[in-house]
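Visitor: Quick one: this structure, given as structure tokens, is what I'll be asking you about.
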Amino acid sequence: MDQRYLLGNEAIALACLESPVGFVSGYPGTPSSEVIEILASHPDRSSYVEWSVNEKVALENALAAAWCGVRALVTMKHVGLNVAADPLMTSAYTGVTGGLVIMSADDPFAHSSQNEQDSRMFAKFARIPCLDPSTLQEAHDMVRDAFALSEEFGLPVMFRPTTRICHSKGNVTLGPVLAFTGKGEFHKDPRQYVVIPAHTRILHRKLNQKQPVVKKRLSELVYNQCQVRGKTAVIASGIAASYVEEIIPHDVSFMKIGAYPIDEEWLAGFVRMHEKVLVVEELFPMVEEAVREVAGTVAVYGKKTGHAPYEGELSPDSVARIMASCGFSTGIQYPSVQPVPDLPPRPPILCAGCMHRPVFYAIKKVFKDGIYPSDIGCYTLGLQLGAVDTTICMGASITVGSGIFHAGEERDVVATIGDSTFLHTGIPGLMNAVYNGARMTVVILDNRTTAMTGHQPNPNTGCTVCGSPSPPISLEALCRACGVGFVETVDPYDMVTLTAALKDAKARPGVNVVIAKQPCVIIARRAGIKRGRYRVDPDTCTGCGICIKFGCPAIEQHDEKASINDLCSGCAVCAQLCPSGSIGKEGVR
Amino acid sequence: MKGSYDIMIVGIGGQGTILASNILGEACLIEGRSVRGAETHGMAQRGGSVESHVRIDGKFGPLVAPGTADLLIGFDMLEGLRYSHFLKPEGRMVVSRGMVIPTSVFVQGLAIPSEEDIIGKLSWIDLCLIDAEGVAREAGSVLAANVVMLGAASHHIPLAEESLVCAVQRLVPQKTIEINTRAFAMGRKAGENC
Chain A
1 MDQRYLLGNE AIALACLESP VGFVSGYPGT PSSEVIEILA SHPDRSSYVE WSVNEKVALE
61 NALAAAWCGV RALVTMKHVG LNVAADPLMT SAYTGVTGGL VIMSADDPFA HSSQNEQDSR
121 MFAKFARIPC LDPSTLQEAH DMVRDAFALS EEFGLPVMFR PTTRICHSKG NVTLGPVLAF
181 TGKGEFHKDP RQYVVIPAHT RILHRKLNQK QPVVKKRLSE LVYNQCQVRG KTAVIASGIA
241 ASYVEEIIPH DVSFMKIGAY PIDEEWLAGF VRMHEKVLVV EELFPMVEEA VREVAGTVAV
301 YGKKTGHAPY EGELSPDSVA RIMASCGFST GIQYPSVQPV PDLPPRPPIL CAGCMHRPVF
361 YAIKKVFKDG IYPSDIGCYT LGLQLGAVDT TICMGASITV GSGIFHAGEE RDVVATIGDS
421 TFLHTGIPGL MNAVYNGARM TVVILDNRTT AMTGHQPNPN TGCTVCGSPS PPISLEALCR
481 ACGVGFVETV DPYDMVTLTA ALKDAKARPG VNVVIAKQPC VIIARRAGIK RGRYRVDPDT
541 CTGCGICIKF GCPAIEQHDE KASINDLCSG CAVCAQLCPS GSIGKEGVR
Chain B
1 MKGSYDIMIV GIGGQGTILA SNILGEACLI EGRSVRGAET HGMAQRGGSV ESHVRIDGKF
61 GPLVAPGTAD LLIGFDMLEG LRYSHFLKPE GRMVVSRGMV IPTSVFVQGL AIPSEEDIIG
121 KLSWIDLCLI DAEGVAREAG SVLAANVVML GAASHHIPLA EESLVCAVQR LVPQKTIEIN
181 TRAFAMGRKA GENC
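Taken in order, these protein sequences are the chains called A and B.
Number 589 marks the last residue of the first sequence (our numbering); no jumps.
Number 194 marks the last residue of the second sequence (our numbering); no jumps.
Written as structure tokens, this is what we have:
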């Protein structure tokens with residue numbers, strides 16, 4: 001038994017090696033991304049690992065591996081599960097032979113996400129079991145057990161950690177890593193794997209018949225447990241259970257829910273022993289609804305009574321306030337304090353030398369009155385530069401753009417999308433826009449990687465997650481194959497060419513694509529690319545502020561003069577913008 | 001009463017807050033003590049304000065509640081002020097002197113508090129300022145400023161000096177062990193009067 005201080009995602013990855021897992025796939029998404037990175041780079045890895053191009057692809061790959069009897073893990077963030085929803089819903093019908101664990105990491109408070117959806121609801125929708133950890137040790141143990149449970153039930157099992165599990169740390173006790181030595185074998189069984197209506201009706205009945213067995217079995221595990229200690233009770237799930245445990249008084253009963261579906265009989269037995277029950281959980285009132293169904297005359301407090309919020313994440317102090325508002329005392333009193341007001345904010349910002357900044361700058365110059373639909377990636381930060389008008393989900397820049405055009409909007413539409421997002425779900429939108437005669441410019445921000453989530457490789461990078469070389473995709477050929485007539489690749493650090501390409505696209509009918517290509521500046525720095533720093537000549541700087549408005553974190557303003565700090569990566573774009581020619585390479589003048 | 005010693009480490013993405021919190025966690029493990037932590041990953045790391053929570057002897061959730069932290073280690077004065085409400089009234093703050101001005105200040109023309117303003121606003125706190133960059137440079141690399149800060153704050157951290165030094169040596173890159181060991185010792189000296 002090895003005890004280590006681990007990141008939640010590390011504990012999850014190591015539990016997979018203990019299982020042992022044989023097949024791993026996924027698409028990056030905060031807070032889930034580290035699991036695959038850790039598995040791919042682990043010295044004791046014996047499984048296959050891939051970054052797939054999107055979550056649907058990842059789940060279908062993993063499902064097939066599980067059909068071949070291999071234990072498979074697929075990872076994604078909660079919104080990725082929407083992309084994978086199609087295979088998810090029917091995978092419950094076909095079932096699996098090898099254990100299939102679907103890790104869908106939720107993000108209450110949307111720290112790095114476009115919404116706060118609750119993956120537990122998806123598990124309920126698909127009628128598959130769901131495990132929801134409250135601690136890192138539990139996350140580790142649940143993943144280890146999830147593979148065996150999946151095989152026992154013949155069902156995919158959802159594992160649903162939240163940001164405060166994935167990105168929290170603690171001491172975790174680990175078991176031995178086992179080597180995966182199996183070999184997948186597909187046994188033909190059309191009644192199981194070909195879901196034509198005649199088969200699927202029977203499979204649906206079988207799925208429903210499994211439910212009572214699953215509930216009973218899950219109630220026998222340690223993940224749903226209770227202690228009766230008084231006439232009032234708090235029921236909590238996920239990370240919220242650990243907040244409650246720290247402050248709950250000794251004379252209040254406590255129930256922790258970590259596995260779904262909940263056995264109603266067991267739940268009813270507990271609830272009816274009490275006069276008052278408070279349910280504390282993040283996001284959807286899933287446990288609360290189950291409690292209300294069995295509560296009878298017992299008073300139930302929670303979201304539906306207005307005592308707990310439907311949105312955001314919980315915290316030790318917010319849980320204490322919820323408990324106090326329902327008449328529960330708490331072991332710790334938290335002070336009510338306010339942050340210091342009116343401090344200048346420090347939001348995340350595009351890096352110094354990031355290729356996205358000059359592209360947004362040029363788009364705003366060339367398409368002054370344009371509409372700018374954008375997408376999910378670092379470049380969503382183009383919002384700060386006034387160059388992002390919409391973001392909804394992966395791949396929705398081009399589709400939103402063509403929708404705006406066909407709605408009758410007469411201003412120019414310029415969609416921006418990163419290379420990884422374009423390959424994820426952008427291509428169908430481009431095909432559709434060309435096919436249906438939209439008029440718009442699409443700018444592919446090609447930095448050769450999936451930067452925002454930590455530089456995961458994609459088919460455009462030229463290598464796999466395990467470091468094997470792969471044939472890089474030709475974005476130009478892909479766009480042309482979709483029917484785009486004008487496809488121009490430019491260096492975004494070259495303002496003249498970039499601007500000319502955008503003007504060219506603007507003048508043409510139909511859908512036109514400009515590919516702005518430069519490696520992510522973080523990757524370039526790690527690869528040892530040094531361009532030399534730039535400096536401002538204070539004698540000729542007129543303090544016009546044009547370089548300041550460019551918004552690069554390397555450019556500062558002091559005493560009405562611009563200056564460049566040591567974050568400068570030498571992209572030289574500011575030197576091209578400066579009207580007085582005051583910016584030049586350090587040491588060259 | 002909470003049973004843990006709660007620390008906030010705050011700064012700007014890229015300054016090494018995660019390594020600093022890992023060192024504290026590893027030191028807890030060396031002493032066989034329970035520990036919980038939480039940190040900022042993902043997009044917020046792109047030069048944004050970041051926070052790490054570390055709860056020594058923590059057995060429950062990873063988050064430190066506002067108004068309850070025992071110690072705040074700041075890698076930037078503005079960020080120290082931004083998170084100062086996490087400290088309990090008798091809490092301590094050890095902050096690296098100096099600040100990186102947020103780009104938003106230049107682009108939007110916002111007012112920026114001076115170092116004196118910040119010190120004034122923190123007058124209710126037991127505050128200790130450390131020239132972390134200067135000390136780190138003397139130790140061999142400005143990149144070791146985070147370890148200097150840990151050394152400076154270590155007088156208040158309920159972990160043995162040997163455990164912290166051992167954790168530093170386990171976690172920093174192999175070729176920087178010597179520099180970081182020196183950075184910790186020099187930081188500890190610089191924080192003697194904290």
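Even glycine gets a Cβ: it sits at the ideal position worked out from N, Cα and C.
Fair warning: this is a prediction, and the values are worked out from it, not measured in the lab.
To be precise: take each residue of the segment 326-343 of chain A, compare its Cβ to all Cβ atoms of chain B, and keep it if any distance is under 7 Å. Which residues remain?
Guide: The residues in question are I332, Y334, P335, V337, Q338, P339, V340 and L343.
Visitor: Could you check how far apart the C-beta atoms of H156 (chain B) and L71 (chain B) are, in whole angstroms? I think they sit under 8 Å.
Guide: Position 156 of the second sequence holds residue 156 (chain B). Position 71 of the second sequence holds residue 71 (chain B). Rounded, the Cβ-Cβ distance is 5 Å, consistent with contact.
Visitor: Measure the C-alpha to C-alpha separation of V100 (chain B) and F270 (chain A) and round it to an integer number of angstroms.
Guide: Locating residue 100 (chain B) in the second sequence gives position 100, where the first residue counts as 1. Locating residue 270 (chain A) in the first sequence gives position 270, where the first residue counts as 1. Their Cα atoms are separated by approximately 55 Å.
Visitor: If you run the structure through DSSP and keep just helix, strand and coil, what is H558 (chain A)?
Guide: Numbered from 1 along the first sequence, position 558 holds the residue referred to as residue 558 (chain A). If DSSP states are grouped into helix, strand and coil, H558 (chain A) belongs with the strands.
Visitor: What first and last residue would you give for the alpha helix (DSSP H) that runs through F122 (chain A)?
Guide: In the first sequence, residue 122 (chain A) corresponds to position 122, counting from 1. Per DSSP, F122 (chain A) belongs to the alpha helix (DSSP H) from S119 to A126.
Visitor: What does R137 (chain B) reach in chain A if we use C-beta pairs closer than 9 Å?
Guide: Numbered from its first residue, the second sequence carries residue 137 (chain B) at position 137. Going along chain A, no residue has its Cβ under 9 Å from R137 (chain B), so there is no contact; the nearest lies around 13 Å.
Visitor: Is A5 (chain A) buried or exposed, if buried means 16 or more other CB atoms sit within 10 Å of its CB?
Guide: Counted from its first residue, the first sequence places residue 5 (chain A) at position 5. The sequence shown places Tyr at residue 5 (chain A), not Ala. By the neighbour-count rule (16 or more Cβ atoms within 10 Å), Y5 (chain A) is buried.
Visitor: Does the segment 254-261 of chain A touch the segment 221-228 of chain A, meaning 3 or more C-beta pairs lie closer than 8 Å?
Guide: At 8 Å Cβ cutoff, the stretches touch.
Visitor: May I ask you to report which of helix, strand or coil DSSP gives P469 (chain A)?
Guide: For this step, residue 469 (chain A) is matched to residue 469 along the first sequence. P469 (chain A): strand per DSSP, three-state reduction.
Visitor: Mind checking which residues open and close the alpha helix (DSSP H) that includes Y243 (chain A)?
Guide: Taking the first residue of the first sequence as 1, we reach residue 243 (chain A) at position 243. Unbroken alpha helix (DSSP H) run through Y243 (chain A): G238 to I247.
Visitor: Between the alpha carbons of G32 (chain B) and A233 (chain A), how many angstroms are there, rounded?
Guide: Indexing the second sequence from 1 puts residue 32 (chain B) at position 32. Indexing the first sequence from 1 puts residue 233 (chain A) at position 233. Near 34 Å, if we compare the C-alpha coordinates of A233 (chain A) and G32 (chain B).
Visitor: Mapping DSSP to helix, strand and coil, what is H111 (chain A)?
Guide: Against the first sequence, residue 111 (chain A) aligns to sequence position 111. Coil.
Visitor: Skipping 5 residues on each side, what residues in its chain have a beta carbon closer than 6 Å to that of V54 (chain B)?
Guide: Counting from one through the second sequence, the residue named residue 54 (chain B) turns up at place 54. Closer than 6 Å at the Cβ level, and outside the excluded window around V54 (chain B), lie I7, S21, L24 and G37.
Visitor: Buried or exposed: where does Y301 (chain A) fall if 16 or more other Cβ atoms within 10 Å of its Cβ makes it buried?
Guide: Mapped onto the first sequence, residue 301 (chain A) falls at position 301. Buried: at least 16 other Cβ atoms inside 10 Å.
Visitor: Mind pulling the chain A residues with CB within less than 7 Å of A65 (chain B)?
Guide: In the second sequence, the residue the question calls residue 65 (chain B) occupies position 65. Residues of chain A passing the Cβ test: S315, P316, D317 and Y334.
Visitor: Start and end of the beta strand (DSSP E) containing L174 (chain A)?
Guide: Here residue 174 (chain A) corresponds to residue number 174 of the first sequence, with the count starting at 1. Its beta strand (DSSP E) spans residues S168 to L174.
Visitor: Between G418 (chain A) and D375 (chain A), how many whole angstroms is the CB-CB distance? I'm expecting something under 8 Å.
Guide: As a first step, residue 418 (chain A) is located in the first sequence; it is residue number 418 there, counting from the start. As a first step, residue 375 (chain A) is located in the first sequence; it is residue number 375 there, counting from the start. That belief holds up - the Cβ atoms of G418 (chain A) and D375 (chain A) are roughly 7 Å apart, short of 8 Å.
Visitor: Extract the residue ranges of the alpha helix (DSSP H) inside the segment 399-446 of chain A, only unbroken runs of 4 or more that lie entirely within it.
Guide: With a minimum length of 4 residues, the continuous alpha helix (DSSP H) runs that stay inside the segment 399-446 of chain A are 427-435.
Visitor: Answer yes or no: do A58 (chain A) and V74 (chain A) have a C-beta to C-beta separation smaller than 7 Å?
Guide: Taking the first sequence and counting its residues from 1, one reaches residue 58 (chain A) at position 58. Taking the first sequence and counting its residues from 1, one reaches residue 74 (chain A) at position 74. In contact: A58 (chain A) and V74 (chain A) (Cβ atoms closer than 7 Å).
Visitor: Thinking C-alpha only, which one of A:C552, A:P579 and A:H558 is nearest S104 (chain B)?
Guide: Here the question's residue 104 (chain B) lines up with position 104 in the second sequence. With distances taken between Cα atoms, S104 (chain B) lies closest to A:C552.
Visitor: Does any C-beta atom of chain A lie closer than 7 Å to the C-beta of I7 (chain B)?
Guide: Residue numbering aside, residue 7 (chain B) sits at position 7 when the second sequence is read from its first letter. Not closer than 7 Å to any Cβ of chain A, the Cβ of I7 (chain B) fails to qualify, so no.
Visitor: Which first and last residues belong to the beta strand (DSSP E) in which T75 (chain A) is found?
Guide: Position 75 of the first sequence, counting from 1, holds the residue named residue 75 (chain A). Per DSSP, T75 (chain A) belongs to the beta strand (DSSP E) from A72 to K77.
Visitor: On a CA-only basis, which of A:V177, A:L178, A:Q117 and A:K368 is nearest P161 (chain A)? Give me that one, please.
Guide: Translated into positions along the first sequence, residue 161 (chain A) becomes position 161. Comparing Cα positions, the closest option is A:Q117.
Visitor: Hey, quick one: how far does the alpha helix (DSSP H) through S164 (chain B) stretch, first residue to last?
Guide: Within the second sequence, the letter at position 164 stands for residue 164 (chain B). The identity of residue 164 (chain B) in the sequence shown is Leu, whereas the question assumes Ser. Residues E161 to L171.
Visitor: With distance defined between alpha-carbon atoms, name the residue in B:A27, B:V50 and B:V142 nearest to D57 (chain B).
Guide: In the second sequence, residue 57 (chain B) corresponds to position 57, counting from 1. Minimum Cα distance to D57 (chain B) is reached at B:A27.
Visitor: Whose Cβ in chain A lies nearer than 7 Å to the Cβ of V107 (chain B)?
Guide: Reading the second sequence from its first residue, position 107 is the one you call residue 107 (chain B). The answer, in chain order, is I548, K549 and G551.
Visitor: With which residues is V21 (chain A) paired in a DSSP beta bridge?
Guide: Here residue 21 (chain A) corresponds to residue number 21 of the first sequence, with the count starting at 1. V21 (chain A) is not bridged to any residue.
Visitor: Thinking just about the alpha-carbon of each residue, which of A:I555, A:V291 and A:T90 is nearest to the one in V195 (chain A)?
Guide: Taking the first sequence and counting its residues from 1, the one referred to as residue 195 (chain A) is at position 195. Per the Cα distances, A:T90.
Visitor: Thinking L604 (chain A) and D44 (chain A) are a contact (beta carbons under 8 Å), I'd like their distance in whole angstroms, please.
Guide: Only positions 1 to 589 of chain A appear in this structure, which leaves residue 604 (chain A) out of reach.
Visitor: Rounded to whole angstroms, what's the CA-CA distance from E409 (chain A) to N512 (chain A)? Just pull it up for me.
Guide: Taking the first sequence and counting its residues from 1, one reaches residue 409 (chain A) at position 409. Taking the first sequence and counting its residues from 1, one reaches residue 512 (chain A) at position 512. Answer to the nearest angstrom: the Cα atoms are 18 Å apart.
Visitor: Tell me which same chain residues have a C-beta within less than 6 Å of the C-beta of A132 (chain B), skipping the five on either side of it?
Guide: Position 132 of the second sequence, counted from the first residue, corresponds to residue 132 (chain B). Cβ within range, chain order: S96, A145, V148 and M149.
Visitor: Where are the alpha helix (DSSP H) runs, 4 residues long or more, that stay fully inside the segment 313-380 of chain A, in chain order?
Guide: Here the runs fully enclosed are 316-325 and 356-366.
Visitor: Should L283 (chain A) go down as buried or exposed, given a rule of 16 or more other Cβ atoms within 10 Å for buried?
Guide: Taking the first sequence and counting its residues from 1, the one referred to as residue 283 (chain A) is at position 283. Burial call: buried.
Visitor: Check T135 (chain A) in the structure and name its three-state DSSP category.
Guide: Walking along the first sequence from the start, residue 135 (chain A) turns up at place 135. Correct three-state label for T135 (chain A): coil.
Visitor: Using alpha carbons as the reference points, say which of A:T497, A:H199, A:V434 and A:Q211 lies closest to D480 (chain A).
Guide: Numbered from 1 along the first sequence, position 480 holds the residue referred to as residue 480 (chain A). First, the residue type needs correcting, since residue 480 (chain A) is Arg and not Asp in the sequence shown. Among A:T497, A:H199, A:V434 and A:Q211, the Cα nearest to that of R480 (chain A) belongs to A:V434.
Visitor: Nearest CA to the CA of S113 (chain A): which residue from A:T380, A:N460 and A:N447?
Guide: Taking the first sequence and counting its residues from 1, the one referred to as residue 113 (chain A) is at position 113. Here the closest residue by C-alpha is A:T380.
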